[in-house]
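Peer 1: In numbering that gives the first Met the number 0, the protein residues as written are 0 to 120.
A virtual CB, placed ideally from N, CA and C, is assigned to each residue, including glycine.
Computed from a predicted model, the values in this text were never measured in an experiment.
Following this message is one structure expressed as structure tokens.
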Amino acid sequence: MYRSKNELTLKTNQLPKTLLNRDTFDLSNKAYKSIIIEAERFDHNLTLYYGMISGECEDEIEYLRKVKRFNHEVSNMDVEHLNDLFFGEPFNKKKLYATIKKVNDNLDKIRQIPKDKRHYE
Numbered sequence: 000m001y002r003s004k005n006e007l008t009l010k011t012n013q014l015p016k017t018l019l020n021r022d023t024f025d026l027s028n029k030a031y032k033s034i035i036i037e038a039e040r041f042d043h044n045l046t047l048y049y050g051m052i053s054g055e056c057e058d059e060i061e062y063l064r065k066v067k068r069f070n071h072e073v074s075n076m077d078v079e080h081l082n083d084l085f086f087g088e089p090f091n092k093k094k095l096y097a098t099i100k101k102v103n104d105n106l107d108k109i110r111q112i113p114k115d116k117r118h119y120e
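Below you can see the structure in the form of structure tokens.
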């Protein structure tokens with residue numbers, strides 16, 4: 000996963016406008032580390048979902064809200080839907096819930112940081 004816009008090899012003028020919205024590049028360093036990296040420690044598939052959510056958001060505040068909602072939905076999924084979420088790949092349910100709890104705790108900490116005090120790449 001690219002962390003710096005300079006690492007991208009695609010030219011933005013070749014991308015559809017819908018892909019030029021918010022991306023994980025636009026997250027504060029704290030949000031990126033606390034959500035994306037935390038998810039990656041558990042499973043890359045979870046990271047993909049958090050990344051896709053960022054593309055749907057206008058700003059970090061909306062992103063944090065949507066991640067919280069997504070976490071709530073995942074926490075209430077039955078085993079069949081969880082298996083679909085992870086594309087049928089094996090996963091540890093207890094570790095998934097622990098990761099979601101950690102991300103939710105991190106969300107609360109990020110919200111306490113004023114927007115102008117957050118650091119960006």
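Is there at least one non-hydrogen atom of the ligand HEM closer than 7 angstroms to the beta-carbon of Glu37?
Peer 2: Although the ligand HEM was asked about, the structure shown includes no ligands whatsoever.
Peer 1: Check Asn105 in the structure and name its three-state DSSP category.
Peer 2: If DSSP states are grouped into helix, strand and coil, Asn105 belongs with the helices.
Peer 1: Between the Cα of Phe41 and the Cα atoms of Leu63, Lys100 and Lys65, which residue gives the shortest distance?
Peer 2: Among Leu63, Lys100 and Lys65, the Cα nearest to that of Phe41 belongs to Lys100.
Peer 1: Helix, strand or coil for His43, going by three-state DSSP, please let me know.
Peer 2: In the structure shown, His43 sits in a helix (DSSP, three-state: H, G or I).
Peer 1: What residue does the alpha helix (DSSP H) around Gly83 start on, and which one ends it?
Peer 2: Looking at the sequence shown, residue 83 is not Gly but Asp. It spans Val78 to Leu84 - the alpha helix (DSSP H) in which Asp83 sits, taken as one unbroken run.
Peer 1: Which of the three DSSP states, helix, strand or coil, is assigned to Glu72?
Peer 2: DSSP places Glu72 in helix when its eight states are reduced to three.
Peer 1: Just verifying my parser: in three-state terms, what is the DSSP assignment at Ile112?
Peer 2: Correct three-state label for Ile112: coil.
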